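Heads up, the sequence shown is in the numbering used here, so the first residue is 23 and it goes up one at a time.
For every residue, glycine included, the Cβ atom is placed at its ideal position computed from N, Cα and C.
Everything numeric in this text was worked out from a predicted model, so none of it was measured.
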Amino acid sequence: MLEFRPEPLVASSVSGLLPEGERDRRVALTSFHSKEKESHIPMREVVCYECGKTSSVPAAALSANCLHCHAHLNMADEEIRPGSERLTIRTLGDVTVPSETTLSRLSVVCRNMEINGRVSGSFRCTRALVVNESVQIDNLQAGRLVVARDAEVMLAKPAQVGAANIYGRLTGVLRSDGVVKIYGTGEVTGLIFAADVVMEPGAVYNRENV
23 MLEFRPEPLV ASSVSGLLPE GERDRRVALT SFHSKEKESH IPMREVVCYE
73 CGKTSSVPAA ALSANCLHCH AHLNMADEEI RPGSERLTIR TLGDVTVPSE
123 TTLSRLSVVC RNMEINGRVS GSFRCTRALV VNESVQIDNL QAGRLVVARD
173 AEVMLAKPAQ VGAANIYGRL TGVLRSDGVV KIYGTGEVTG LIFAADVVME
223 PGAVYNRENV
């Protein structure tokens, strides 16, 4: 009877390891796909409201951490509802104050803010602050200030804005790096320091040291 003797299988490479050429090829493919995937993630530049430095974060994210000071950054839009007990808001999104809202001592840092209720406080908006009601502001920094036709803004301290469009009434000291435009329905009582002041027919500017 014939005796069966299996021949040992001798592998050309160590078990569990790919040949060097194949390993390098797969690593290259993996790296390519990873970079391709990352490049398809929409990003946006945000300015940290704690340290003021810029970070790049996913555009769809609702929160992130500053790459410089590691502060937690809220990027969601916020709405301050009537009767809210939350008086401090920090976000890189937009903030809305609906009508029939009456609140004092608000402290808001945001991108855009629209005020439709009667509030008072301090506001820092990297883009625009739109006021549609009567508002008393302690401190204001904004890329643009828009005072609607039926609105009234009272500035307790000098405000710093990039530009301003005044359709309603404003009282106080306004400093601008750009153009302050007072429309025909607008009235300013106080002092304006700006690169240029444009007044439409009917506009009122009472220069007073308030």
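| Item | Value |
| --- | --- |
| Within a Cβ cutoff of 7 angstroms, which residues of the same chain sit near residue 179, ignoring the five residues on either side of it in sequence? | 160 and 161 |
| Tell me residue 80's beta-bridge partners as DSSP assigns them. | 65 |
| How far does the beta strand (DSSP E) with residue 86 in it extend, from its first residue to its last? | 85 to 87 |
| With a threshold of 6 angstroms on Cβ separation, who are the neighbours of residue 131 within its own chain once the five nearest residues in sequence on each side are excluded? | 71, 112 and 146 |
| Using a 10 Å radius around the Cβ and a threshold of 16 neighbouring Cβ atoms, would you call residue 66 buried or exposed? | exposed |
| Give me the Cβ distance between residue 214 and residue 203, rounded to the nearest whole Å; I'm assuming they're in contact under 8 angstroms. | Going by Cβ atoms, the distance from residue 214 to residue 203 rounds to 11 angstroms, so no, they are not a contact pair. |
| How about residue 184 and residue 199: are their beta carbons less than 7 angstroms apart? | yes |
| For residue 209 and residue 126, I'd like the C-alpha separation in whole angstroms. | 25 angstroms |
| If you count every other CB in all the chains shown that lies within 10 Å of the CB of residue 53, and 16 or more means buried, which is it? | Because residue 53 sits at a pLDDT of 49, beneath the cut-off of 50, its placement in the model cannot be relied upon, and the following sentence gives the value as read from the coordinates. With fewer than 16 Cβ atoms within 10 Å of its Cβ, residue 53 is classed as exposed. |
| What is the residue span of the beta strand (DSSP E) that residue 156 lies within? | 156 to 169 |
| Relative to the alpha-carbon of residue 84, which residue among 103, 97 and 109 has its alpha-carbon at the smallest distance? | 97 |
| Can you tell me the Cα-Cα spacing of residue 231 and residue 88, whole angstroms? | 41 angstroms |
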